[in-house]
Amino acid sequence: MKTVLLSPWLLLLLPAFASAQDSLHINRPVLLYGLATYDFPKSYGFTMGTSIPFYSIIKEKTNKDFKTQYAEKDEFISAELGGYRHPFAYTAIIANAGIGIRYIKSTKHFTELSLNQGIVRTAYDGKVYELDQDGNIKERKLFGRTYLATGFSYSLNWSLNNGSSNLWFIQLKPAFWMQYPYNSFLRLHFSLQAGISYRLKNIALLSRTKYRHLL
Amino acid sequence: MKYIFFNIIIIFFLGVLFTGCKKEYTGLSTNANEIFWVTNNGADMPVRVMGNTASKIIILIVHGGPGDGSYDYADYKTARLREKYGVAFWDQRNAGSASGNSNMDKLSLPQMINDMEVVVKVLKLRYEGAGVFLYAHSFGGLLAAGYLVKDSNQNQLRGWMEIDGAHNYPLCNTSSAKMLMDTARSEINKGNYISQWQDILNYCSSHDPLSSYEISSQIETYAHRAEYYMGIKQNNSILSLSEDPSDQLVNYYNLYYTSAGNDFLQSLEGASYSNQLYKIKIPSLLLWGQFDFTVPPDVGEDGLTNLGSSYKKLVLFPHSGHHPMETDTDLVEDEIINFIETFK
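Note that the protein sequences, when read in sequence, are chains A and B.
So the first sequence is numbered by this note's numbering: it starts at 1 and just counts up by one.
So the second sequence is numbered by this note's numbering: it starts at 1 and just counts up by one.
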């Protein structure tokens, strides 16, 4: 009996929610980006890529004062092609496919977290020599190695436009990645990328909106 | 607008690629700075050539370690040598910036000797008519000795410099333990670093340096510390060994934390070329730090005794340990220049 009597009081003490969700189609941008890359300690290069959203989640939260806040997340896939140069060592081409989440803070700012899987092909600087079967030295043209590459990146993006067009964004992206098998192990990289994103076009995609109301 | 974006990207991308394809080899020069690579049995090894290649003299750096790199020598330690001669900084397999895919299973002393044969052949081809001298330090002394006693390899060279070279690992271990104990007793009597020297004395007097790799490794650790106790200037950073610290981390992990690396290190414990040094007839210059506890001067004496060279000379540097090129730079370079000028 005491339990029954206490229950309404407990309800008053705890915050109460009402949740709901629905689905609809919304327009989200496909982005193209070009980034200058500095890979520590001394490599530099360039990456271009595109990201295509495929699913969106919008969280709408209304608080006690009936103020509504939105948190938007787009899930996207990406493809990248880049090149970088390690002076007096090699030049490399890297191709990546990725999957990530874009956190949209406002119309002027968003961040992205992504996981990339790709392939790196190096070509060594200068001439490459090897011994042939007859014991003579021969030259190998464009010789290099192929490695797999896996990495995480986090990007920060700010709109460059004053109006509502939001065509151009400036992007800053630190990334950790590793190439393997490198001397039977893996080689770690830390890169800092900076450049621009361009909103190519909007595409319609399925969006799920979650509503959360504080009662 | 998107075409502008595409144009910017393509121009930048092509710019990177074209600068990447530039030809590094600049021919003979008084101030060369070029690179070539030697690929051999799974390892791609860079050879950076700096200095005066127009002199038609090339000094090939055979670095220590194993697992270090040649980059550590490309500073003040060889500045005067680079002014007068070309200096070739070769990174051995699984060392420095040498790369490759899955190659740790191929790491062995005979394989490295084979690598060195190819590197010297390429140098002779690339700098036709040049006289090549070896500059072999520490583990490089073992590798160079192995190269020189094999077949007619020594005919490719005008001479070699062994600098605190470990051409006899068992002798290094026993001499190191003996030198540590002798010095410990003397330093304890003088009242210097008493507890530290006592630890060293206790360990060395109770362990046979030839009984296991772990014991010889511990003795080597004490040998490095002993240099510090004797006031020898040391650079203990492994990050300076390779141009890119990531490379050095991979190489050290492979050597010390994989079974293939440990097998290789243990295989070196019995490596000795003392009984074959008589085969070496080319001029030999042996440079040793008086306070080298890692590869003690006894090993240099062993080289002087056993080498078959008609010209052989051992020089001890009184203010140096295992790296006389760091601590007695001018004296070391003077000896090398005199040697090369005599036999070039």
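Beta carbons: idealized from backbone N, C-alpha and C, even for Gly.
No experiment lies behind these values; they were computed from the predicted model shown.
Exercise. So which residues of chain B does residue 192/A contact, with C-beta pairs closer than 9 Å?
Worked result: Residue numbering aside, residue 192/A sits at position 192 when the first sequence is read from its first letter. In chain order: nothing, as chain B lies at least about 15 Å away.
For this session: Check whether the Cβ of residue 187/A lies closer than 8 Å to any Cβ atom in chain B.
Result: Translated into the one-based positions of the first sequence, residue 187/A becomes position 187. Judged by the 8 Å Cβ criterion, residue 187/A is in contact with chain B.
For this session: Return the residue from the list 180/B, 157/B and 103/B that minimises the CA-CA distance to residue 128/B.
Result: In the second sequence, counting from the first residue as 1, residue 128/B sits at position 128. That would be 157/B, whose Cα lies nearest to the Cα of residue 128/B.
Exercise. Residues of chain A with a CB under 8 Å from the CB of residue 73/B: which are they?
Worked result: Translated into the one-based positions of the second sequence, residue 73/B becomes position 73. Near residue 73/B there are no residues of chain A at all, since even the closest Cβ is about 15 Å away, more than 8 Å.
Problem set entry | Any chain B beta carbon closer than 8 Å to residue 127/A | Counted from its first residue, the first sequence places residue 127/A at position 127. Yes, residue 127/A counts as interfacial toward chain B.
For this session: Whole angstroms is fine: what's the gap from residue 34/B's alpha carbon to residue 195/B's?
Result: Walking along the second sequence from the start, residue 34/B turns up at place 34. Walking along the second sequence from the start, residue 195/B turns up at place 195. Answer to the nearest angstrom: the Cα atoms are 50 Å apart.
Exercise. What does residue 253/B touch in chain A if you count any residue whose Cβ is under 8 Å from its own?
Worked result: Translated into positions along the second sequence, residue 253/B becomes position 253. Ordered by position in chain A, the residues that pass the 8 Å Cβ test against residue 253/B are 185.
For this session: Just the C-alpha distance for residue 134/B and residue 140/B, rounded to the nearest angstrom, thanks.
Result: Start at 1 with the first residue of the second sequence, and residue 134/B comes out as number 134. Start at 1 with the first residue of the second sequence, and residue 140/B comes out as number 140. Each residue's alpha carbon lies about 10 Å from the other.
Problem set entry | Residues sharing a beta bridge with residue 35/B, DSSP | By 1-based counting over the second sequence, the position of residue 35/B is 35. Residue 35/B pairs with 48/B.
Exercise. Can residue 113/A and residue 100/A be called in contact, C-beta distance under 8 Å?
Worked result: Numbered from its first residue, the first sequence carries residue 113/A at position 113. Numbered from its first residue, the first sequence carries residue 100/A at position 100. Against a cut-off of 8 Å, the Cβ pair of residue 100/A and residue 113/A comes out as a contact.
Exercise. Which residues, in order along the region 103–131 of chain A, keep a beta-carbon less than 7 Å from a beta-carbon of chain B?
Worked result: 124, 125, 126, 127, 128, 129, 130 and 131
For this session: Output the distance between the C-alpha atoms of residue 330/B and residue 47/B, rounded to the nearest integer angstrom.
Result: Counted from its first residue, the second sequence places residue 330/B at position 330. Counted from its first residue, the second sequence places residue 47/B at position 47. If you take the alpha carbons of residue 330/B and residue 47/B, they lie about 25 Å apart.
Exercise. Where do the N-terminal and C-terminal ends of the beta strand (DSSP E) with residue 57/A fall, by residue?
Worked result: By 1-based counting over the first sequence, the position of residue 57/A is 57. Segment 43–62, the beta strand (DSSP E) holding residue 57/A.
Exercise. Is the Cβ of residue 143/A closer than 8 Å to any Cβ of chain B?
Worked result: Residue mapping note: residue 143/A aligns to position 143 of the first sequence, counting from 1. Chain B, which has a Cβ nearer than 8 Å to the Cβ of residue 143/A, makes this yes.
Exercise. Does the distance from the C-beta atom of residue 286/B to that of residue 304/B stay below 8 Å?
Worked result: In the second sequence, residue 286/B corresponds to position 286, counting from 1. In the second sequence, residue 304/B corresponds to position 304, counting from 1. Yes, the Cβ-Cβ distance between residue 286/B and residue 304/B is below 8 Å.
Problem set entry | Boundaries (first-last residue) of the beta strand (DSSP E) holding residue 269/B | Taking the first residue of the second sequence as 1, we reach residue 269/B at position 269. Where residue 269/B is concerned, there is no enclosing beta strand (DSSP E), given that its DSSP letter is neither H nor E.
Problem set entry | Run of the beta strand (DSSP E) containing residue 277/B, from where it starts to where it stops | Along the second sequence, one-based indexing puts residue 277/B at 277. Where residue 277/B is concerned, there is no enclosing beta strand (DSSP E), given that its DSSP letter is neither H nor E.
For this session: Keeping to the same chain, check which residues put their C-beta closer than 8 Å to that of residue 281/B; ignore five residues upstream and five downstream.
Result: Translated into positions along the second sequence, residue 281/B becomes position 281. If we look at residue 281/B and ignore the five residues flanking it on each side, its Cβ neighbours are 154, 308, 309 and 310.
For this session: Could you tell me if the beta carbon of residue 100/A falls within a distance shorter than 7 Å of some heavy atom in the ligand NAP?
Result: Absent from the structure shown: the ligand NAP. Ligands present: none.
For this session: Anything in chain B within Cβ reach of residue 140/A, meaning under 8 Å, just list it in chain order.
Result: As a working note, residue 140/A is residue 140 in the first sequence. Those within 8 Å of residue 140/A in chain B are 39.
Exercise. Under 8 Å between the Cβ atoms of residue 261/B and residue 268/B?
Worked result: The sequence position of residue 261/B within the second sequence is 261, counting from 1. The sequence position of residue 268/B within the second sequence is 268, counting from 1. Not closer than 8 Å, so no.
Exercise. Looking only at its own chain, which residues have a Cβ that is under 8 Å from the Cβ of residue 78/A, when we skip the five neighbours before and after it?
Worked result: Against the first sequence, residue 78/A aligns to sequence position 78. Same-chain partners within the cutoff: 49, 50, 51, 52, 96, 97, 98, 99, 100, 114 and 116.
Exercise. Who are the neighbours of residue 246/B on chain A, taking C-beta pairs under 8 Å?
Worked result: Position 246 of the second sequence, counting from 1, holds the residue named residue 246/B. Those within 8 Å of residue 246/B in chain A are 187, 188 and 189.
Problem set entry | Min CB distance residue 113/B to chain A below 8 Å | Taking the second sequence and counting its residues from 1, the one referred to as residue 113/B is at position 113. With 8 Å as the cut-off, residue 113/B does not count as an interface residue toward chain A.
For this session: Would you kindly report the start and end of the unbroken beta strand (DSSP E) that includes residue 219/B?
Result: Locating residue 219/B in the second sequence gives position 219, counting from the first residue. Where residue 219/B is concerned, there is no enclosing beta strand (DSSP E), although the alpha helix (DSSP H) it sits in stretches over 213–229.
Exercise. Under 8 Å between C-beta atoms, does residue 103/B make it to chain A?
Worked result: The residue you call residue 103/B lines up with position 103 of the second sequence. Chain A contact via Cβ: present.
Exercise. Expressed to the nearest angstrom, what Euclidean distance is found between the alpha-carbon atoms of residue 16/A and residue 63/A?
Worked result: For the purposes of this step, residue 16/A is identified with residue 16 of the first sequence, where counting begins at 1. For the purposes of this step, residue 63/A is identified with residue 63 of the first sequence, where counting begins at 1. Unreliable placement is indicated for residue 16/A, whose pLDDT of 48 sits below 50; no coordinate value is reported for it.
Exercise. Exposed or buried, residue 206/A, counting other C-beta atoms within 10 Å across all chains shown (16 or more means buried)?
Worked result: Translated into positions along the first sequence, residue 206/A becomes position 206. With fewer than 16 Cβ atoms within 10 Å of its Cβ, residue 206/A is classed as exposed.
Exercise. Under a Cβ-count criterion, where at least 16 other Cβ atoms within 10 Å of its own Cβ denotes burial, should residue 248/B be classed as buried or exposed?
Worked result: Residue 248/B sits at position 248 when you count from the first residue of the second sequence. By the 10 Å Cβ count, residue 248/B comes out buried.
For this session: Starting from the C-beta of residue 202/A, find all residues in its chain whose C-beta is less than 8 Å away, skip the five residues before and the five after it, and write them out in chain order.
Result: What you label residue 202/A is simply residue 202 of the first sequence in a count that begins at 1. Correct list, in chain order: 27, 28, 29 and 30.
For this session: Given a cut-off of 8 Å, decide if residue 296/B and residue 161/B are closer than it, judged by their beta-carbon atoms.
Result: What you label residue 161/B is simply residue 161 of the second sequence in a count that begins at 1. What you label residue 296/B is simply residue 296 of the second sequence in a count that begins at 1. Taking 8 Å as the Cβ cut-off, residue 161/B and residue 296/B do not qualify as a contacting pair.
Exercise. Using a Cβ cut-off of 7 Å, which residues of the region 80–98 of chain B contact any Cβ in chain A, in chain order?
Worked result: 94 and 97
Problem set entry | Of the residues 189/A, 181/A, 210/A and 208/A, the one placed nearest residue 102/B, counting alpha carbons only | To locate residue 102/B, count along the second sequence from 1; it is residue 102. Answer by Cα proximity: 181/A.
Problem set entry | Residue range of the beta strand (DSSP E) that includes residue 141/B | The residue labelled residue 141/B in the question sits at position 141 within the second sequence. Careful: residue 141/B lies outside any beta strand (DSSP E), inside the alpha helix (DSSP H) at 139–148.
Exercise. Between the beta-carbon of residue 84/A and the beta-carbon of residue 144/A, is there less than 8 Å?
Worked result: Locating residue 84/A in the first sequence gives position 84, where the first residue counts as 1. Locating residue 144/A in the first sequence gives position 144, where the first residue counts as 1. Not a contact, by the Cβ cut-off of 8 Å.
Problem set entry | Given 8 Å, three or more beta-carbon pairs between the region 112–124 of chain B and the region 183–193 of chain A | no
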